[in-house]
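Student:
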Amino acid sequence: MLNFLRFHLGAVLSRFAKRRRYKFADMPGWLLLFLAAASGAQAAFYQNILSDVGPMYLKAFDKVGVMGLGATGTILTIALGYCVLVFFVSGLLFARTADILKNRWLP
70 MLNFLRFHLG AVLSRFAKRR RYKFADMPGW LLLFLAAASG AQAAFYQNIL SDVGPMYLKA
130 FDKVGVMGLG ATGTILTIAL GYCVLVFFVS GLLFARTADI LKNRWLP
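Here the sequence shown stands for residues 70 to 176, where the numbers follow this note's numbering.
Right, dumping it as structure tokens:
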């Protein structure tokens, strides 16, 4: 579902960027609202993953160490790193979008 939203948001942004020079703050209000909702939902989704899987991963890592994790642990480490990265990026995008909307609509 998130990939579907990401694909359509990318299509809308590319059409918007072709019309004139792309500036994030110049985007229409409805698109900024959608972007804020999508990035907030994505941040919440990855936060749930990290809060569920993170403690289990740390317990396993403490028991066996870095060499005992093997291939599955390596894949899990990469996946959790990706979750952390996407969580922070989507959180920053949400904060930036909310700041633009606040400056646009509030005096």
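Backbone N, C-alpha and C define an ideal beta-carbon position, used for all residues, glycine too.
Under the assumption that Val122 contacts Leu154 (Cβ atoms under 8 Å), give the Cβ distance between them as a whole number of angstroms.
Tutor: As a working note, residue 122 is residue 53 in the sequence shown. As a working note, residue 154 is residue 85 in the sequence shown. Between Leu154 and Val122 the Cβ distance is about 15 Å, and since that is not below 8 Å, they are no contact.
Student: Is it right to say Ser120 is buried, meaning 16 or more other beta carbons lie within 10 angstroms of its own, or is it exposed?
Tutor: Numbered from 1 along the sequence shown, position 51 holds the residue referred to as residue 120. Exposed is the call here.
Student: From Ala107 to Phe157, what distance separates their C-alpha atoms?
Tutor: Reading the sequence shown from its first residue, position 38 is the one you call residue 107. Reading the sequence shown from its first residue, position 88 is the one you call residue 157. Spanning the two alpha carbons is a distance of roughly 14 Å.
Student: If you follow the alpha helix (DSSP H) that Pro124 is part of, which residue opens it and which one closes it?
Tutor: Translated into positions along the sequence shown, residue 124 becomes position 55. Start and end: Gly98 to Val133.
Student: Looking at Ala105 and Thr143, is the spacing between their C-beta atoms short of 8 Å?
Tutor: Here residue 143 refers to the residue found at position 74 when the sequence shown is read from its first residue. Here residue 105 refers to the residue found at position 36 when the sequence shown is read from its first residue. In this structure, Ala105 does not lie closer than 8 Å to Thr143 by Cβ.
Student: Taking Leu145 and Tyr115 to be in contact with their CB atoms under 8 Å, please state how far apart those CB atoms are, rounded to whole angstroms.
Tutor: Sequence index remark: in the sequence shown, residue 145 carries index 76 (1-based). Sequence index remark: in the sequence shown, residue 115 carries index 46 (1-based). Wrong, their Cβ atoms sit about 15 Å apart, outside the cutoff.
Student: Classify Ala113: buried if its beta carbon has 16 or more other beta carbons within 10 angstroms, exposed otherwise.
Tutor: Against the sequence shown, residue 113 aligns to sequence position 44. It counts as exposed.
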